[in-house]
Each structure stands twice: as C-alpha cells, then as structure tokens.
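Protein chains in written order, with numbering that gives the first Met the number 0: chain A, 0 to 197; chain B, 0 to 197.
Even for Gly, the Cβ is constructed at its ideal location relative to N, Cα and C.
Number of protein chains: 2
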Amino acid sequence: MLQNFKQYFQKNVQITDEQFALLSKDLKSEKIAKHTVLLKPGDVCKHSFFVDKGLLRSYTINETTGKEHIIQFGSENWIVSDRSSAYFNEPSDFFIDAIEDSTIVYIDKEFTDKAAEISPLFRQYNEKALHNHIRHLQKRINLLLSASAEQRYMDFIRLYPDIMLRVPQWMVASYLGITPESLSRVRKELANRHFKPL
Amino acid sequence: MLQNFKQYFQKNVQITDEQFALLSKDLKSEKIAKHTVLLKPGDVCKHSFFVDKGLLRSYTINETTGKEHIIQFGSENWIVSDRSSAYFNEPSDFFIDAIEDSTIVYIDKEFTDKAAEISPLFRQYNEKALHNHIRHLQKRINLLLSASAEQRYMDFIRLYPDIMLRVPQWMVASYLGITPESLSRVRKELANRHFKPL
DNA sequence: CGAGCGCTTGATTGAGTTCAAAAATCGTGG
DNA sequence: CCACGATTTTTGAACTCAATCAAGCGCTCG
C-alpha cells in the first residue's frame, strides 16, 4: 500500500522511511471504480488526488451548451486537483472523475503542512510543481491560439502517447477542443498521408 | 521613484520603510520607449518587469505562420515575466515589449531572495501570485475550448475594460486568437444589437 | 503633408461543426 | 464463450463561423 506514492514522494523530497511513515500514517488510500466522481462544480477541492494506479480526468461542463471540456488527464504518479479551489478555498468549476478503476491517495492540507514542516525540500518540490503547471498551461494556450486541430492532435500524441491509448477518442477530442467527428477525420487524413503514431 | 512599486510591495508584504529601503537599494528602474523589447525568444528571462507606468505585453510569434499571439498584457502595478524561463533557467519562447512609453522596475532573483529572507510574507505573496496565475490560465483555456469569438471578446472587455481602451484592436484580436477582421465584424454585430461596452 | 498603419467592408474560401445514420467495438449477462 | 445492447467511431452532406484576400478610408506621426 502506498508503494508508488512513497517512491514518488521520496524521489522529490529526500526523507527517511521513518519520516515518511510518520507523515503518511493518516493518509487515506482507496480503490475507486470507473466513473466515480471525486469533485464536482460547487465543491471546494479539499483533496489532491495522487494516482497510484488508474486514470483520472478533470473537466468542465459548459452551462449553455452542455458540452464537456477536458482540462487534464492524470495517470499513474500524477496528482490531479483543482489547485485554485484548494488554495483559495473557493468552489470549483471542475469535475474530477475516474476514467478507469483506480487506486488513489487523498492528499489534504494537513499532509502538505506536515510535509513542509518536516522538510524544506517539500516547499521546493511544490514550488517547482507550480511552475511546471504554469509552463504546461501556457504551452497549451499557445497551441490553442496558434495551431490547427491536426497540429494539436499530433502534439497530444507526442506528449501523451500512453494516455491516447487508454482513453476513448472522444475524450481526446474534448481535450483538444474539437468534436469527435472532426478528430476522426483528422486521423483518417493522417492515415492517408501514412502518418503512424508509435 | 519606485513610489508605485513601494506601495504595491508594502501592500502585499508587510515591511517597514527601512526594510524596503534596504531591499530596494540595488533595484533598477527605467523609462523605456514604446516598442522597446525587454525579452525575446532564446533569452533566459532574468528579470520580472514591474510596470510602474505604461503597458507591456508578452507574446509569441509562430514560426511557421509568422503570426503573433499575445499571451498577456500588463499595465500599472502588474508584473510581466516568463516565470517558466526564469524559474527553470531555460530559454524563453516569448517576446516581451512595451506597447506604451513605460516606466518599469527590474526585479531579479537577488531581490526576491533577499525579500524572502526579510519577510516570510513574501513567500506567501509569491505563492498566492502563482496560484492566481494558474487560475487565470485555466480560465483562459476553458474559454478557448468552449467559447465563440464573440463570447471571448465580451469576457475580455469585462475583465480588462482599461486595457481594451489602450491597445490597438488588432492586439485584442491577437489575444483572443482571432483575426483583426473578425474582431471588427464581431464588434459591428454587437453594435447592431445595441451592445455598448462601458 | 504624405506614407504607413489601423480599421472596416466585401467576396470568397476553408476548417471544423452539426445532424443523421451506418459500422465497428466493447462489455456484460446468460 | 457467445450474443445482444450500448457505446464509440466512422462517414456523408449541409452548414457556419472565422480566415483569407483584396480594396478603400481615415488618421497620425515622423
């Protein structure tokens, strides 16, 4: 239990097994079924979800069109959360749910506070994660502003070849901001031009 | 000199005039002319730019199409920077330049390190700024994924009524990810429907 | 004061959407 | 393990929003 999480955590924050044991003794880990909803709009995001095994997504549903827009996928060793909601204690705009049966670790404020106490490296790790997140979001904005559906799709499979094999195509379309039909056509077009992912 | 910056800084980080004087004694402030380029792709972003007066923008130029895409505007009391480049010490993808004659304060790592030493509030302020940034970027991604040109434009003038009066229309278009011609038509359409900003 | 820049307008094109329906695939219970 | 219903993907045709190309107007600022 917590094996992946421990490994992940110790890689980023140099602490002893004893320290980790102390820190993690109140940590809750859980198996959740596909489709389990972990966060919904209006909720304040009280936990970050470390994916020990499986696959999560965060997404919004547009109120006027009713359409889903996927913000993020998170597979093994990723943390899925609504940072803004958690940090500012505001109701979230997002759903977070499980795309596959998953095992997740619930990370709450108590844990991060304790971690920050124990090791200054945790602060550093966290700061680095924030900057990585910003870099990633900025890259995505730039793509949405400047790239065609095809270019965005190619970028997606370059960045997330694993994810692309594990989620239905319509979710990739949703992430890219196009319709499933359009993505199907983009793929057909690429296949005609003998482009082969993998 | 540094009047705005001092005010801004002391609002966010509770420090005495003496502490601020000590902290800021090596700070460089400068008047720069419209069109002055402060950062260009390939450069590592060594400074954040606090806008004392005037208006900056950060933007990319797509290599294949040659088109500009504005990432951010920054007017008085905003800080414009490429956080990823600065934090990871990597070459930036962005341009930063002045849209108006401006007065800016150069904030470097030395300053932020010293500030963090003097007051723990600075760390907090910085963390808050990072989370704000993330929230903002996420909101923009969601808009780009789900909203029409018209909706994005209305959101823009709601969020940045001041900016919209100070920058040429084609820059707003660039921020929104549409052509100047399209924005012109969107505006005409809104005017026909008797929509009046302000 | 005129050359260039920014904005508008028109005509045309094109990428991606919508709607509809068929084909393929998946998952689950018998 | 198969079969059947549901979900996902594909395909087609019509349509729409925004892009492109081109021309003209009005400013301003150099």
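> When DSSP labels each residue in this structure, what does Phe19/A get in the three-state scheme?
Replying inline: Helix at Phe19/A.
> Does the beta carbon of Gly176/B come closer than 9 Å to any beta carbon on chain A?
Replying inline: So yes, Gly176/B belongs to the interface.
> How should Gly176/A be labelled, buried or exposed, when 16 other C-beta atoms within 10 angstroms of its C-beta is the threshold for buried?
Replying inline: Looking at its Cβ environment, which holds 16 or more other Cβ atoms inside 10 Å, Gly176/A is buried.
>> Can you pull the chain A neighbours of Leu136/B, defined as C-beta to C-beta under 8 Å?
In response: The answer, in chain order, is Ile133, Leu136, Gln137 and Ile140.
> Three-state secondary structure (DSSP) at Thr111/B?
Replying inline: In the structure shown, Thr111/B sits in a helix (DSSP, three-state: H, G or I).
> Since Ala97/B is in the beta strand (DSSP E), which residue starts that stretch and which ends it?
Replying inline: Run containing Ala97/B: Phe94 to Ala97, per the beta strand (DSSP E) assignment.
> By how many angstroms is the C-alpha of Ile156/A removed from the C-alpha of Gln71/A?
Replying inline: Answer to the nearest angstrom: the Cα atoms are 14 Å apart.
>> Using 9 Å as the threshold, is the C-beta distance between Ile103/A and Ile14/A below it?
In response: No, the Cβ-Cβ distance between Ile103/A and Ile14/A is not below 9 Å.
> How many angstroms separate the CA atom of Gln150/A from the CA atom of Val185/A?
Replying inline: So the alpha carbons of these two residues sit roughly 10 Å apart.
>> Just to confirm my understanding: we take Leu182/B, look at its own chain, exclude 5 residues before and 5 after, and list those with CB closer than 8 Å. What are they?
In response: Cβ within range, chain order: Ala148, Tyr152, Gln168, Trp169, Val171, Ala172 and Leu175.
> Using a beta-carbon distance cut-off of less than 8 Å, what residues from the region 84-118 of chain B approach chain A?
Replying inline: The region 84-118 of chain B vs chain A, Cβ under 8 Å: Tyr86, Phe87 and Asp92.
> Would a C-beta distance cut-off of 9 Å place Lys10/A and Ser101/A closer than the cut-off?
Replying inline: Taking 9 Å as the Cβ cut-off, Lys10/A and Ser101/A do not qualify as a contacting pair.
> Over what stretch of residues does the beta strand (DSSP E) that includes Val104/B continue unbroken?
Replying inline: Bounds of the beta strand (DSSP E) holding Val104/B are Ser101 to Ile106.
> Quick one: is Arg192/B buried, meaning 16 or more other Cβ sit within 10 Å of its Cβ, or exposed?
Replying inline: Exposed, because fewer than 16 other Cβ atoms sit within 10 Å of the Cβ of Arg192/B.
>> Counting C-beta neighbours from all protein chains within 10 Å, is the total for Val43/B 16 or more, i.e. buried, or is it exposed?
In response: The residue is exposed, with fewer than 16 neighbouring Cβ atoms inside 10 Å.
> Does the Cβ of Gly65/B have 16 or more other Cβ atoms within 10 Å, making it buried, or fewer, making it exposed?
Replying inline: Here Gly65/B is exposed. Its C-beta has fewer than 16 other C-beta atoms within 10 Å.
> In chain A, which residues lie less than 8 Å from Leu143/B when you measure between Cβ atoms?
Replying inline: For a Cβ distance threshold of 8 Å, residue set Ile140, Leu143, Leu144 and Gly176 of chain A lies close to Leu143/B, ordered along the chain.
> CA-CA distance, His135/A and Tyr105/B?
Replying inline: If you take the alpha carbons of His135/A and Tyr105/B, they lie about 25 Å apart.
> By Cβ distance below 8 Å, which residues in the same chain neighbour Met0/B in space, the five residues on each side in sequence not counted?
Replying inline: In its chain, beyond the 5 residues on either side, Ser28 have a beta carbon closer than 8 Å to the beta carbon of Met0/B.
> Are Ile133/B and Arg139/A touching if we call contact CB-CB under 9 Å?
Replying inline: Note that the C-beta distance between Ile133/B and Arg139/A is not below 9 Å.
> Which value, in whole angstroms, describes the spacing of the CA atoms of Leu129/A and Ala128/B?
Replying inline: In this structure, the straight-line span from the alpha carbon of Leu129/A to that of Ala128/B is close to 11 Å.
> According to DSSP, is Val166/A helix, strand or coil?
Replying inline: It is coil, neither helix nor strand.
>> Under 8 Å, with one C-beta from each stretch per pair, do the region 83-96 of chain A and the region 48-57 of chain A reach the 3-pair mark?
In response: The region 83-96 of chain A makes contact with the region 48-57 of chain A, as at least three CB pairs between them are under 8 Å.
>> What are the residues in the region 53-72 of chain A lying within 8 Å of chain B by C-beta distance?
In response: Among the residues of the region 53-72 of chain A, those with a Cβ less than 8 Å away from any Cβ of chain B are Thr59, Asn61, Thr64, Lys66, His68 and Ile70, in the order of the chain.
> Where does Leu197/B sit, in a helix, a strand or coil, going by DSSP?
Replying inline: Summary for Leu197/B: the model assigns pLDDT 43, below 50, so the residue's position carries little reliability; its value from the coordinates is reported in the next sentence. Leu197/B: coil per DSSP, three-state reduction.
>> Only counting the same chain, and skipping five residues up and downstream in sequence, which positions put a Cβ closer than 8 Å to that of Glu109/A?
In response: The residues are Asp25.
> Which first and last residues belong to the beta strand (DSSP E) in which Gln150/A is found?
Replying inline: Segment Ala148 to Leu158 is the alpha helix (DSSP H) holding Gln150/A; no beta strand (DSSP E) there.
> Can a CB atom of chain B be found closer than 9 Å to the CB of Arg82/A?
Replying inline: For Arg82/A, a Cβ of chain B is located within less than 9 Å of the residue's own Cβ.
> What is the rounded straight-line gap between the Cα of Glu126/B and the Cα of Glu188/A?
Replying inline: If you draw a straight line from the Cα of Glu126/B to the Cα of Glu188/A, it is about 45 Å long.
>> Under 9 Å, Cβ to Cβ, is there at least one residue of chain A near Leu197/B?
In response: In this predicted model, Leu197/B has a pLDDT of only 43, less than 50, meaning its place in the structure is not dependable; the value taken from the coordinates is given anyway. Cβ-Cβ to chain A under 9 Å: no for Leu197/B.
> Looking at the structure shown, is Arg192/B part of a helix, part of a strand, or coil, going by DSSP?
Replying inline: DSSP places Arg192/B in coil when its eight states are reduced to three.
>> Threshold first: 3 residues or longer. Then list the beta strand (DSSP E) segments lying entirely within the region 3-66 of chain B, N to C.
In response: 27-31, 36-38, 47-52 and 55-60, all fully within the region 3-66 of chain B.
> With distances taken between CB atoms, is the gap from Val50/A to Ile78/A smaller than 9 Å?
Replying inline: Yes, Cβ-Cβ distance for Val50/A and Ile78/A is below 9 Å.
> Taking the C-alpha atoms as reference points, what is the distance between Pro119/B and Phe19/A?
Replying inline: Using only the alpha carbons, I get a separation of about 26 Å.
> For Phe48/B, which residues from the same chain have a beta carbon less than 8 Å from its beta carbon, with the 5 sequence-adjacent residues on both sides left out?
Replying inline: These residues qualify, in order along the chain: Leu37, Leu55, Gly73, Ile78, Val79, Ser80, Ile95, Ile103, Val104, Tyr105 and Ile106.
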